[in-house]
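Residue numbers (our numbering): 4 to 173. Yeah, the Cβ is synthetic: ideal placement off N, Cα and C, and Gly gets one too. Fair warning: this is a prediction, and the values are worked out from it, not measured in the lab. Quick notes on the structure that follows.
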Ligand code: CO
């Protein structure tokens, strides 16, 4: 399982609603968690591994031994948001790029687990930030879309460099 880096087209395609909760989905989620830990990330969305599914995995500690911190989220929907806060983000699809993004401080999320059971989750601070970042991926939205105008200018040369390398590859 390879991570799609910017400007890989899969990143803009987003994901489709999951209808079938089977062993294949379970295996995909497990492989995504493994890939996330290998890359020292705290979250990974299906479009980042080239899959157009509304599926994301996360663990705020990023520690593969901390199974309790893991969340596998299917078909998420943010029901409510409260407060706003700027905080630094990175993304496995943008190696080496970090910038501040404004996100809701608290949220209530509804989603389905790997058995297709409806779940509700209240999240704040870092967990809420990860969830919002990963849900963006499911809609083809990237964190660089949400930067301040100053940061957009700052990261532009790095993005252009990644675009050039991508064009040289394909
Ligand atoms: Co990301």
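Inter-residue distance for residue 165 and residue 35 is about 23 Å (C-alpha atoms, whole angstroms). In this structure residue 96 is buried. Its beta-carbon is surrounded by 16 or more other beta-carbon atoms within 10 angstroms. Leaving aside the five residues that flank residue 75 on each side, the residues in its chain whose CB is nearer than 6 Å to its CB run, in chain order, 32, 60 and 117.
For residue 137, the shortest C-beta to heavy atom distance toward the ligand CO is below 8 Å. In summary, residue 98 is exposed, with fewer than 16 beta-carbon neighbours lying within 10 Å of its beta-carbon over all protein chains present. Uninterrupted alpha helix (DSSP H) stretches at least 4 residues long and entirely within the region 109-168 occur at 128-141, given in chain order. Setting aside the 5 residues that flank it on each side, residue 127 is surrounded in the same chain by 108 and 109, each with a C-beta closer than 7 Å to its C-beta; the list follows chain order. A straight-line Cα-Cα distance of about 12 Å links residue 62 and residue 132.
At least one heavy atom of the ligand CO lies closer than 8 Å to the C-beta of residue 46.
Membership of residue 59 in the beta strand (DSSP E) is indicated by the continuous run 58-61. A Cβ-Cβ separation of about 18 Å leaves residue 140 out of contact with residue 43 under the 8 Å criterion. DSSP, read as helix, strand or coil, puts residue 105 in strand. The shortest C-alpha to C-alpha distance from residue 102 to any of 24, 18, 147 and 39 is the one to 147. CA-CA distance, residue 18 to residue 54, rounds to 7 Å.
In the structure shown, residue 50 falls within a helical segment according to DSSP collapsed to helix, strand and coil.
Using a cutoff of 8 Å, the CB of residue 124 does not count as near the ligand CO, since none of the ligand's heavy atoms is closer than that.
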